[in-house]
Amino acid sequence: MTASIHYTIQEIAKVCKAKWISKNDLFSVLSYVSLDSRKISYPSETVFFAVKSKSGDANLFLENVFQKGVRNLVTDNENIDPANFAGANILLVKNAVSALQHLAAFHRRQFSNENLAVIGLTGSNGKTIVKEWLNQLLEKDYTIIRSPKSFNSQIGVPLSVLNISTADNLAIFEAGISQPGEMKNLEEIIKPQIGIFTNIGNAHDEGFKNIQQKIREKLLLFKNAEFVVFPSGDQRLLKEMHFFQKKNNQIQLFSWGTSTDDILKIISIKKTNSFSEIVADYNGTKFRIKIPFTDDASIENAINCWCMLFILNKNTKALRERFWSLYPIEMRLELKSGINRCHLINDSYSNDLSSLRIALDFLEQQKQHPGRTVILSDIMQSGIKPGQLYQEVASLLQQKNVNKFIGIGRDIFSHQQAFSVIASRSFFKTTGDFLKNIFLSSFHDETILIKGARQFGFERISHLLEQKVHQTILSINLTAIAYNLRQYRNRLKPTTKMMVMVKAFGYGSGSYEIASVLEFNKVDYLAVAYADEGIELRNAGITLPIMVMNTDESTFDALINFNLEPEIFSFGLLNQFSDFLKKADIEKYPVHLKIDSGMHRLGFLENEIGALADFLKHNHFIKIKTVFSHFAASDDPAEDAFTIEQFNTFTRCCRELEKSLDYRFETHIDNTAGISRHPEFQLDMVRLGIGIHGFDSSPEMQSSLKNVSTLVTTISQIKTIRAGETVGYGHKVKVKNDSVIAVAGIGYADGYSRRFGNGVGKMMINNLAVSTIGNICMDMTMLDVTEIKEVKEGEEVLVFGESLSLKTLADWAGTIPYEIMTSISQRVKRIYYEE
Ligand SMILES: *Cc1c(COP(=O)(O)O)cnc(C)c1O
1 MTASIHYTIQ EIAKVCKAKW ISKNDLFSVL SYVSLDSRKI SYPSETVFFA VKSKSGDANL
61 FLENVFQKGV RNLVTDNENI DPANFAGANI LLVKNAVSAL QHLAAFHRRQ FSNENLAVIG
121 LTGSNGKTIV KEWLNQLLEK DYTIIRSPKS FNSQIGVPLS VLNISTADNL AIFEAGISQP
181 GEMKNLEEII KPQIGIFTNI GNAHDEGFKN IQQKIREKLL LFKNAEFVVF PSGDQRLLKE
241 MHFFQKKNNQ IQLFSWGTST DDILKIISIK KTNSFSEIVA DYNGTKFRIK IPFTDDASIE
301 NAINCWCMLF ILNKNTKALR ERFWSLYPIE MRLELKSGIN RCHLINDSYS NDLSSLRIAL
361 DFLEQQKQHP GRTVILSDIM QSGIKPGQLY QEVASLLQQK NVNKFIGIGR DIFSHQQAFS
421 VIASRSFFKT TGDFLKNIFL SSFHDETILI KGARQFGFER ISHLLEQKVH QTILSINLTA
481 IAYNLRQYRN RLKPTTKMMV MVKAFGYGSG SYEIASVLEF NKVDYLAVAY ADEGIELRNA
541 GITLPIMVMN TDESTFDALI NFNLEPEIFS FGLLNQFSDF LKKADIEKYP VHLKIDSGMH
601 RLGFLENEIG ALADFLKHNH FIKIKTVFSH FAASDDPAED AFTIEQFNTF TRCCRELEKS
661 LDYRFETHID NTAGISRHPE FQLDMVRLGI GIHGFDSSPE MQSSLKNVST LVTTISQIKT
721 IRAGETVGYG HKVKVKNDSV IAVAGIGYAD GYSRRFGNGV GKMMINNLAV STIGNICMDM
781 TMLDVTEIKE VKEGEEVLVF GESLSLKTLA DWAGTIPYEI MTSISQRVKR IYYEE
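Counting in full-length UniProt numbering, the sequence shown runs from 1 upward without gaps.
Following this line, the structure appears as C-alpha cells:
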C-alpha cells in the first residue's frame, strides 16, 4: 500500500507529534507513504510507517526496508537500535497507526471545500460498489480520487486520503468500522461534505451492543456533512437519522423510498430478465433510469448513486444514460494459467494510477517466471498531462521489473518514447490492431498483467491468452491461508517456530503459490515429501529452509545442490548420507532426525538411541538441526493417554541424544491437531499441515478458520428422461418419475471419487443441493435436478467450498479431508487469488 504526498520529514514529525530517535537529511521531499516492505518503488522518497496490524508487525521488516534504501522511518517501537539504520531519520511515535491517521487528517486539511468535493460512504453493504459506480458515472465530469479496492479500515482510509492531489476535484472514500470509537478517527480524516448511508444489515456485529449503537457510531462520519443520502425503508435507520439531524442541524437529509416524505420518491421498479427500470419523482418531476441488473442489492446501490447525482446537480439525461452502462466490479486480482505455460493477471475493467499500482505489486510478487509483461491501455481521466503521466507509468513499470510492455490506445501510442526504459515494447492504436498483429507464440513462460479501461475491451485479449481447459476450477484463497496461519500462531508462544508442511503439492492446493504466501508470512521452515518437490520450490525462488521427508541415495546430490535438508530415519540412510558427505568433503550438513515414538512408520526406535548417539558423537559430516517425532492420534481425545506416552518417549530420546552431543538441537512434535489440542507440547517448533487449509479436528479451532479452496464445475447438458429409463453406466439406475438430469463436467479422473455415485454425493446449484444419480464417470457426473426450476446449461455447480464443506464430502465418502484434497487431479485448473 502506497500513497503520494509532498512533505519533509520535519513536517511529518510535527504533524505526528513524534520524538526524534535519529536525525539526518531533513530536506528531501517525501512523496510516498508505505506500510508494506514488499511494495516500495521509490525508496529515497518514501516514508515507512512500521504499523502493527493483524497481518503482522512491520517493525520486523524495518531492516529489510532500510536495506532497500528507505531513509525515513516512523515506528512506535522504543527499542529500535539506531546503530542499525545509519543515515536514516527515525521518528518515535506513541502509536504508528494514529500517527498515520494524523498525517492523513493534516493532508486532508490542505484541500478546501471549494476545490474538492468529498463524498463519504458507510453502511453495512454496497459501499465499494456504490463508490465504483459513482466513479463510472462521474469520471467524465470530474477528476476523481477514490479509495482503492475496499480500503475502508483504520489503515485503509488514511492511505486512501493521502492520495489526494491538487488535480482532483471529487473524492469518494468508504469508511468501515468494527467497534465503537473508530468512526471518530475516520471522520477527522475524510471530513465528507456529502454522505451516503447505504443500508444497515441485520448481521450481529461482535463489536456492538445492538443495531442502534452501530447506526449511531456509523453516523458520526457525517457530523460535519451538508447532505446525507439514505434509504428510508428501514425504520431503525430512519429514526436514527432524524435523531442525528436534531443534534447536527446543518445536515439536510436526502431520503429515498416509497414514502411521501422522501426526497426521491420511488414510483415503480420494473424488472425484466436482463434489466430493471426505476421511475422516481423528484420535486414534482418524473425521472427514470435503466440498469443492466435485476437483483435488489444492485437496484439499491443504483438509487443511492442516483441521489448523489441530484445533490451534485448532475441529473442530466446524458448522465442518466450512463446507468445503462454500469458494469459489475471485479474486486480481486486473480492469477490464472495462460497459453504456453504463461500466467495471467486479468484486470480489464478499470485503469487508473492507483489500481495500476496495486496490480503491479501483485505482478511483482509472482516469481514463477523471470519475464513480466504488461499489456496496458490508455489511462483515462487521470488529471495529469499525458506527457508526465506516461513518464510516471514507465518509471513505475521499470521499478516493478517489467521487461516487456505492450501499450494500446491513441494516447499511449503517441507517447511511446516515454517507455524507452523498458527492454521490449510495442504499441498499437486500438485493441483490434493488436489482435490482428500479434503471434500467440510470442507469449510463453511469462507472467502477463492485462490492464485496460473498459472501453478498450481487453476481455478479448484475456480470452485469447487464457488456457482453454475443461471448466472445472479449484480456486484457492491465499488471504485465507495467511489468516488461518495467524490463528495457529496466536495459540503459540511468540518464540515457538513454525514449520509448515507443503508436501503433496501443498495438500493438492499448489506448492509454489502456497509456499510463497508462507514465506512472506515469516514461517520458519517448510517441509516436503520428496526432493523433487523441494527443487521445484527452489526453482521458483523460495529461500526458506526446507526439510525433505523421504530421501534415498539417488537424491543426495540434488539435496546438496538445492540446499535441502533431509529427514534421517534409519541407520541405513544415516550411513549412506554420512559417506556421501565425506566423499563430497562437506562438513556439518544440517539434517533432521526422526524418532518413532509410537506411530511405527519411519524413525529410530527408543532402543536404537544409544547406538545412534554413539555414531553421531564422532561424526562431523552431519549436524543435527532438529529432532522430531509424529503423533498418531493427537486429534482424538480418547487417545490422549497414548499421545502423552508418545510425548514422554520422545522427550526421553531427546535427553539421551543431548547428553552425547556437544551442540544444541531443536525439537518438535506437534502437528495441526497437536497445536490446537496439546499446545503444551509445542517445544521449539510445531509442524502445521491441514490447518492452513481450513480444517481442524477441534470444533473450537475449526470455527476460527476460513475456507480456502472452492471447487466449481459447469453443467454441460440438461435433459429430461421418462419414468423407468436409466442413467449412466450399468443400465441399473432406473428413475421412478419423469426426471431432469444435468451432466456436470467433473469425474473420477478429476478426483471426484466413484464413492460419491448413486446419490451418496451432493453438489450445489444456485445454493440448492442436488444429488448424484448413477455411477460417477471418468470425466462426468450426472445430477438429478428435477426439483430445481431454473437451471441452465453452462451454469456453475459447486462441488465443495464455503457452503458445502470438504469435510462433509469426506464424511459421505467415509474418508478424511486430506484424501479428497490431495486427489484433485492436476488437470483441474487452479486459480489463486488475494482478497
Ligand atoms: C503431514 C505431516 C504433518 C502435518 O500433519 P497435519 O495433520 O496436516 O497437521 C506433520 N508432521 C509430519 C511428519 C507429517 O508427515
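Yeah, the Cβ is synthetic: ideal placement off N, Cα and C, and Gly gets one too.
Less than 8 angstroms between the CB atoms is what I'm expecting for residue i and residue j, so what's the real figure, rounded?
| i | j | result |
| --- | --- | --- |
| N163 | I145 | 6 angstroms |
| T744 | T720 | Looking at the sequence provided, one finds Ala at residue 744 rather than Thr. The Cβ separation is near 17 angstroms, so there is no contact. |
| D445 | G371 | 6 angstroms |
| residue 924 | I278 | In the structure as shown, the chain starts at 1 and stops at 835, and residue 924 therefore has no counterpart that could be examined. |
| K588 | K623 | 4 angstroms |
| Q682 | D670 | 6 angstroms |
| M549 | E567 | 5 angstroms |
| S462 | I473 | At roughly 15 angstroms, the Cβ-Cβ gap does not stay under 8 angstroms, so S462 and I473 are not in contact. |
| V421 | A453 | Going by Cβ atoms, the distance from V421 to A453 rounds to 23 angstroms, so no, they are not a contact pair. |
| I776 | G747 | 6 angstroms |
| N351 | I379 | 5 angstroms |
| F604 | K594 | 7 angstroms |
State the DSSP-derived secondary structure class of residue i, mapped to helix, strand or coil.
| i | result |
| --- | --- |
| V712 | strand |
| S629 | strand |
| L356 | helix |
| R146 | strand |
| T2 | Caution applies to T2, whose pLDDT of 48 falls short of 50 and renders its modelled position unreliable; the value that the coordinates give is listed next. Correct three-state label for T2: strand. |
| L35 | coil |
| P292 | coil |
| A529 | strand |
| D779 | coil |
| M764 | strand |
| N346 | strand |
| F665 | coil |
| P566 | strand |
| F439 | coil |
| R827 | coil |
| E139 | coil |
| I535 | helix |
To the nearest angstrom, report how far apart residue i and residue j are at their CA atoms.
| i | j | result |
| --- | --- | --- |
| D596 | I831 | 38 angstroms |
| T2 | S298 | Its pLDDT being 48, under 50, T2 is placed unreliably in this model, and the coordinates cannot settle the point. |
| M241 | S232 | 9 angstroms |
| F230 | A105 | 26 angstroms |
| E606 | A633 | 19 angstroms |
| N24 | Y32 | 18 angstroms |
| D738 | I358 | 53 angstroms |
| I80 | N185 | 27 angstroms |
| I690 | T672 | 7 angstroms |
| D636 | P817 | 16 angstroms |
| P82 | N490 | 30 angstroms |
| E565 | V500 | 14 angstroms |
| A515 | L574 | 28 angstroms |
| I12 | G801 | 46 angstroms |
| L221 | S165 | 22 angstroms |
| K829 | L363 | 20 angstroms |
| F756 | A638 | 30 angstroms |
| L309 | A302 | 11 angstroms |
| F505 | E513 | 10 angstroms |
| L809 | E795 | 21 angstroms |
| E471 | M780 | One detail in the question is off: residue 471 reads as Gln in this sequence, not Glu. Approximately 12 angstroms between the Cα atoms of the pair. |
Taking the DSSP output, what are the residues bridged to residue i?
| i | result |
| --- | --- |
| P231 | W256 |
| R687 | M499 |
| N550 | Y530 |
| R341 | Looking at the DSSP assignment, R341 forms no beta bridge with any residue, so it has no partner. |
| V47 | V33 and N72 |
| N619 | Looking at the DSSP assignment, N619 forms no beta bridge with any residue, so it has no partner. |
| H592 | E567 and T626 |
Quick check on the DSSP output: what are the complete beta strand (DSSP E) runs of length 3 or more inside the region 168 to 225, in order along the chain? The DSSP assignment places 170 to 174 and 194 to 197 as complete runs of the beta strand (DSSP E) inside the region 168 to 225, in order along the chain (cut-off: 3 residues).
So within the region 467 to 519, which uninterrupted alpha helix (DSSP H) runs reach at least 4 residues, ignoring any that extend past its ends? If we require 4 residues or more, the alpha helix (DSSP H) runs fully inside the region 467 to 519 come out as 478 to 491 and 503 to 507.
Starting from the N-terminal side, write out each stretch of the alpha helix (DSSP H) that is 4 residues or longer and does not extend beyond the region 353 to 413. Scanning the region 353 to 413 for uninterrupted alpha helix (DSSP H) segments of 4 residues or longer gives 353 to 365 and 386 to 399, listed from N- to C-terminal end.
Which ranges would you report for the alpha helix (DSSP H) in the region 76 to 104 if only whole runs of at least 4 residues count? Scanning the region 76 to 104 for uninterrupted alpha helix (DSSP H) segments of 4 residues or longer gives nothing; none is fully contained.
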